[in-house]
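Student: Sharing a structure here in C-alpha cells format.
In the UniProt record's numbering, the protein residues as written are 1 to 166.
Structure (C-alpha cells):
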C-alpha cells in the first residue's frame, strides 16, 4: 500500500487511536505520546503491512506493543529506585504477555505519579529516566540538595500512596 493511502487511513482513524491510547494510559499526555509513537512506527514499517490485512487491527497491535514495551521500560526504571520502595511496591518486569496482566497496574502507577506536584514530578521522572542528581540539577537550574529533597519527597509520597492501594 502506498504511503499516501496509509496516511489517509491513519488520519481517518486518529480519534479511534486516541480513544484506545487513553484507555491504555489513563492520561491525556501519555495517550498523545502513544498515538504519535504508533503513527511514526506504522509509517516506518509500511512495507510490513500486507494489503489484505486489517489496517485497524495492525495499528492497534502496533499501539498495544508500544504500550507494553513502554510499560516494561518504566517498570525496569522504577526497579532502580530506592530498594525499599521497589520491595514494597513489588514491581516486576513482565517477561511475557501472560504475566503482563499479573504485574503492577500501570494505570494506577501513572495516576499516583501524576498526583505528585509538578516541581516534584519533573525531577522524579528525570531520575527514573536515568539522569544523575547533578544532571537533573543542571537541567532544572537548582541546587543538588533541592533535587535530593524533592526526590526523597516523591519516594515517600509514592510509598504512602502505593501502601494505600495495597
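Glycine included, every Cβ here is placed at the ideal spot set by N, Cα and C.
Report the three-state DSSP secondary structure of residue 152 (helix, strand or coil).
Tutor: Of the three classes helix, strand and coil, the one that applies to residue 152 here is helix, per DSSP.
Student: Look up residue 62 in the DSSP assignment and say whether it is helix, strand or coil.
Tutor: Correct three-state label for residue 62: helix.
Student: Pairing CB atoms from the region 25-43 with CB atoms from the region 55-74, are three or more of them under 8 Å?
Tutor: Touching, yes, given that three or more Cβ pairs across the two stretches are closer than 8 Å.
Student: Where does residue 51 fall in DSSP's three states?
Tutor: Three-state DSSP puts residue 51 in coil, outside helix and strand.
Student: Where do the ends of the alpha helix (DSSP H) carrying residue 17 lie?
Tutor: Element bounds for residue 17: 14-25.
Student: Smallest Cα separation from residue 113: which of 153, 9, 58?
Tutor: Residue 153 is the option with its Cα nearest to residue 113.
Student: By the DSSP assignment, the alpha helix (DSSP H) with residue 120 in it spans what residues?
Tutor: From DSSP, the alpha helix (DSSP H) with residue 120 extends over 118-128.
Student: Taking residue 67 as the reference, which of 45, 17, 55, 46 has the closest Cα?
Tutor: Closest by alpha carbon: 17.
Student: Can you tell me whether residue 74 is buried or exposed? The criterion is at least 16 other CB atoms within 10 Å of its CB, across all chains shown.
Tutor: Buried: at least 16 other Cβ atoms inside 10 Å.
Student: Please classify residue 21 as buried or exposed, where buried requires at least 16 neighbouring CB atoms within 10 angstroms.
Tutor: Under this definition residue 21 is a buried residue.
Student: Thinking C-beta only, is residue 124 closer than 8 Å to residue 116?
Tutor: Yes.
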